[in-house]
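Undergrad: Before anything else, here's the structure in question.
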Amino acid sequence: MASEAQRTRRKVTIERTFSARIEVIWDLWTTSEGIESWWGPEGFAVKVHRLDVRPGGELAYAMTATAPEQIEFLKKAGMPLTQEARVTYTEVVPHERLAFTQMADFIPNVKPYEVATTVEFDTSPQHVRMVLTLDAMHDERWTQLAVMGWESELGKLAKLLKPV
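If you're matching positions, the sequence shown starts at 49 in my numbering and goes up one per residue.
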């Protein structure tokens, strides 16, 4: 159930269309191997520690900066090069919808807060349209960084799938 803050927070939507089978895309979102192959922006590597894709289940992972520019950015921001993260699934409808929450607990000098993300898949015989909706962050700069991160992640996903 969404908190009052999540219901009133501005949402950001990112859409992509892929000429791939939904089963392939779903596996990339719901298996350790799939997640590790694309999750995290360019210049970061992800290692899944635990994955339980069901409402109330969790994805626990470590995301480590690997590219020099990301390492430099994190050092300048006073942030660790490896961030442990946990996603809690709130809704799982196979091949149709994933929803999850995650704590934004990595921002220097900002009290941790919860961020919700929903991914919807609309399938046709020729393609899969994916709509990702996320909560805006605490300010416009961090919202832009979150969108840039997701755009980068989805770019990595697109390299594994053929965009339409």
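Quick reminder that beta carbons are idealized off the backbone N, C-alpha and C, glycines included.
All of these numbers come straight from a predicted model, not from anything done at the bench.
1. Would you give the residue range spanned by the beta strand (DSSP E) that residue 169 belongs to?
2. Count Cβ pairs between the region 160–167 and the region 183–201 that sit closer than 8 Å; are there 3 or more?
3. Assign residue 63 to one of two classes, buried (16 or more other C-beta atoms within 10 Å of its C-beta) or exposed (fewer than that).
4. Identify every residue that forms a DSSP beta bridge with residue 59.
5. Which residue comes first and which comes last in the alpha helix (DSSP H) that contains residue 202?
6. Rounded to whole angstroms, what's the CA-CA distance from residue 119 to residue 157? Just pull it up for me.
7. Give the straight-line distance between the Cα atoms of residue 87 and residue 167, rounded to the nearest whole angstrom.
8. Just verifying my parser: in three-state terms, what is the DSSP assignment at residue 138?
TA: This is what the structure holds:
1. Segment 161–171, the beta strand (DSSP E) holding residue 169.
2. Because the criterion of three Cβ pairs below 8 Å is met, the region 160–167 and the region 183–201 touch.
3. Answer is exposed; the Cβ neighbour count stays below 16.
4. BP columns for residue 59 point to 183.
5. Unbroken alpha helix (DSSP H) run through residue 202: 188–208.
6. Rounded to the nearest angstrom, the two C-alpha atoms are 20 Å apart.
7. Going by C-alpha positions, residue 87 is about 14 Å away from residue 167.
8. Strand at residue 138.
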